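Participant: Numbering (the working numbering), first residue to last: 1 to 328.
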Ligand SMILES: [Zn+2]
Ligand SMILES: [Zn+2]
Ligand SMILES: [Zn+2]
């Protein structure tokens, strides 16, 4: 038996299969494509190897005793800051230069840490580095959207790091969410995310954990097994406006969630992305509500998804949240 559930924001349909419903033991051990690699020579992200990377654009470096978080331009960027857009047509097709920024946030000096094994204070430093970079990049009016993205383990290097991409265009995911947010607002004069938060807190079945400022939950139409969202309980369109107090609360929420994943699913591979409002006045939306989405890279069925645009998830989110809540 299966259910078709519609995610209410971007309105994607998801097939939730329940018979059999899959639990943690169905996903461990992981099969390829989980094949992390290590750099061939010395790790360019380890302390002492700073000369192998471009000069840093930001670091957290208390008392100059060696950095704790370091941000550098990516040597192989998707987007570059120099030049112009050169918007042009090739026949009926549109194209332009990939203007933007692509930075790497080296999250810790230690080569083999993860969000599950870091201290919450270290996670807070990473969040503060993201925030500082967003505030700086926002000054460039060409950059419409920042996307913070982390793949664990890194595809070419296990050293804990994340990507910060500043783009001249809105990614499809954000564009779809904004469209859904505005449509809902037009009809109800309320934020759809705020309504989801109220609903989930009152229903409890999909709540993983709650802190003073954040809700961590399995969304109703989860596309992936153990998909999880982390969202501020008070309405806010922009991640970079988070206060210091909220930042420390958020780092505790992140640490608890990833410790649960680590224990329940034997250190699973995952991706996480920050969804936050576009930066510049032209696209910025007060109605939007920033959040973090986490996807575990387990149990993929890309073929069906690719062909139909529907996702199939064999772990109902109510079960996922219950498993995560029960982790000791
Ligand atoms: Zn390293
Ligand atoms: Zn809201
Ligand atoms: Zn989102």
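C-beta: ideal position from N, C-alpha, C; glycine also.
None of these values were measured; they are calculated from a predicted model.
Is there contact between the segment 232-246 and the segment 107-120, where contact requires at least three CB pairs shorter than 8 Å?
Facilitator: At 8 Å Cβ cutoff, the stretches do not touch.
Participant: Which residue spans inside the segment 136-209 form an unbroken alpha helix (DSSP H) run of at least 4?
Facilitator: Runs found: 172-188 and 192-203.
Participant: With ligand 2 as the reference, list in chain order each residue whose Cβ lies under 7 Å from any of its heavy atoms.
Facilitator: Every residue with a CB closer than 7 Å to a heavy atom of ligand 2 is listed here in chain order: 191, 193, 194, 235 and 289.
Participant: Considering only heavy atoms of ligand 1 and the C-beta of each residue, which residues fall inside 6 Å, strictly closer?
Facilitator: 43, 45, 46, 111 and 159
Participant: Taking all protein chains shown into account, do 16 or more other C-beta atoms lie within 10 angstroms of the C-beta of residue 199, making it buried, or fewer, making it exposed?
Facilitator: What you label residue 199 is simply residue 199 of the chain shown in a count that begins at 1. It counts as exposed.
Participant: Rank 155, 179, 37 and 91 by C-alpha distance to the C-alpha of residue 277 and give the top, closest one.
Facilitator: As a first step, residue 277 must be located in the chain shown, where it is residue number 277. The shortest C-alpha separation from residue 277 is found at 179.
Participant: Can you have a look at residue 181 and say buried or exposed, based on whether 16 or more other CB atoms are within 10 angstroms of its CB?
Facilitator: Translated into the one-based positions of the chain shown, residue 181 becomes position 181. Answer is buried; the Cβ neighbour count reaches 16.
Participant: Pairing CB atoms from the segment 317-324 with CB atoms from the segment 200-220, are three or more of them under 8 Å?
Facilitator: yes
Participant: Sort 82, 68 and 306 by Cα distance to residue 100 and report the nearest one.
Facilitator: One-based indexing of the chain shown puts residue 100 at position 100. Checked all of 82, 68 and 306; the closest Cα to residue 100 is 82.
Participant: Determine contact between the segment 304-317 and the segment 2-19, defined as no fewer than three beta-carbon pairs at a distance below 8 Å.
Facilitator: yes
Participant: Which same chain residues, not among the five before or five after residue 28, have their C-beta less than 7 Å away from its C-beta?
Facilitator: The residue given as residue 28 occupies position 28 in the chain shown. Only 265 and 266 meet the Cβ criterion.
Participant: State yes or no: is the C-beta of residue 118 within less than 9 Å of the C-beta of residue 255?
Facilitator: Numbered from 1 along the chain shown, position 118 holds the residue referred to as residue 118. Numbered from 1 along the chain shown, position 255 holds the residue referred to as residue 255. Yes, Cβ-Cβ distance for residue 118 and residue 255 is below 9 Å.
Participant: Would residue 130 and residue 274 be called neighbours here (beta carbons separated by less than 9 Å)?
Facilitator: Mapped onto the chain shown, residue 130 falls at position 130. Mapped onto the chain shown, residue 274 falls at position 274. Yes.
Participant: So, for residue 212: in the same chain, excluding its five sequence neighbours on each side, which residues have a beta-carbon less than 7 Å away from its beta-carbon?
Facilitator: Translated into positions along the chain shown, residue 212 becomes position 212. Answer for residue 212: 249, listed in chain order.
Participant: Applying the criterion that 16 or more other CB atoms from any shown protein chain within 10 Å of the CB defines a buried residue, is residue 89 buried or exposed?
Facilitator: Reading the chain shown from its first residue, position 89 is the one you call residue 89. Burial call: exposed.
Participant: In terms of residues, what are the limits of the beta strand (DSSP E) holding residue 232?
Facilitator: Here residue 232 refers to the residue found at position 232 when the chain shown is read from its first residue. Per DSSP, residue 232 belongs to the beta strand (DSSP E) from 228-232.
Participant: Taking the straight line between their C-alpha atoms, what separation do you get for residue 263 and residue 23?
Facilitator: Taking the chain shown and counting its residues from 1, one reaches residue 263 at position 263. Taking the chain shown and counting its residues from 1, one reaches residue 23 at position 23. Each residue's Cα considered, the two are about 14 Å apart.
Participant: Report the option in 232, 102, 46 and 63 whose CA atom is closest to the CA atom of residue 134.
Facilitator: Within the chain shown, numbered from 1, the residue matching residue 134 stands at position 134. When only C-alpha atoms are compared, the closest one is 102.
Participant: Do residue 162 and residue 149 have their C-beta atoms closer together than 9 Å?
Facilitator: Residue numbering aside, residue 162 sits at position 162 when the chain shown is read from its first letter. Residue numbering aside, residue 149 sits at position 149 when the chain shown is read from its first letter. It is a contact, given that the beta carbons lie within the stated cut-off.
Participant: Going by other Cβ atoms of all chains shown within 10 Å of its Cβ, with 16 needed for buried, is residue 61 buried or exposed?
Facilitator: Looking up residue 61 in the chain shown gives position 61. Flag for residue 61 reads exposed.
Participant: If you draw a straight line from the C-alpha of residue 286 to the C-alpha of residue 183, how long is it?
Facilitator: Locating residue 286 in the chain shown gives position 286, where the first residue counts as 1. Locating residue 183 in the chain shown gives position 183, where the first residue counts as 1. Counting only the Cα atoms, residue 183 lies some 13 Å from residue 286.
Participant: By the 10 Å Cβ neighbour count, where 16 or more other Cβ atoms means buried, how is residue 257 classified, buried or exposed?
Facilitator: Locating residue 257 in the chain shown gives position 257, where the first residue counts as 1. Buried.
Participant: Taking the beta carbon of residue 236 as the centre, do at least 16 other beta carbons fall within 10 Å, making it buried, or is it exposed?
Facilitator: What you label residue 236 is simply residue 236 of the chain shown in a count that begins at 1. Residue 236 comes out buried.
Participant: Scan the segment 2-45 and note each continuous alpha helix (DSSP H) run of 4 residues or more that stays entirely inside, going in chain order.
Facilitator: none
Participant: Listed in chain order, which residues are found with a beta carbon closer than 6 Å to a heavy atom of ligand 3?
Facilitator: 177, 275, 291 and 293
Participant: Near residue 252, which residues of its chain fall below 7 Å by C-beta distance, leaving aside the five closest residues on each side in sequence?
Facilitator: Along the chain shown, one-based indexing puts residue 252 at 252. Cβ within range, chain order: 120 and 211.
Participant: Taking the alpha carbon of residue 65 as the reference point, which residue from 71, 48, 80 and 73 has its own alpha carbon closest?
Facilitator: In the chain shown, the residue the question calls residue 65 occupies position 65. Per the Cα distances, 48.
Participant: Let me check one thing: in DSSP terms, what residues is residue 72 bridge-paired to?
Facilitator: As a first step, residue 72 is located in the chain shown; it is residue number 72 there, counting from the start. Partner(s): 104.
Participant: In the DSSP assignment, the beta strand (DSSP E) including residue 270 goes from what residue to what residue?
Facilitator: For the purposes of this step, residue 270 is taken as the residue at position 270 of the chain shown. Here the beta strand (DSSP E) through residue 270 covers 270-275.
Participant: I'd like to check one pair, residue 3 with residue 219: are the Cβ atoms closer than 9 Å?
Facilitator: Taking the first residue of the chain shown as 1, we reach residue 219 at position 219. Taking the first residue of the chain shown as 1, we reach residue 3 at position 3. Not in contact: residue 219 and residue 3 (Cβ atoms no closer than 9 Å).
Participant: Around the Cβ of residue 105, are there at least 16 other Cβ atoms within 10 angstroms (buried) or fewer (exposed)?
Facilitator: Your numbering for residue 105 matches position 105 in the chain shown. Classification of residue 105: buried, given that the 10 Å Cβ count is 16 or more.
Participant: Between residue 57 and residue 156, what straight-line distance do the alpha-carbon atoms span, to the nearest angstrom?
Facilitator: Taking the first residue of the chain shown as position 1, residue 57 is located at position 57. Taking the first residue of the chain shown as position 1, residue 156 is located at position 156. Computed Cα separation, rounded: 22 Å.
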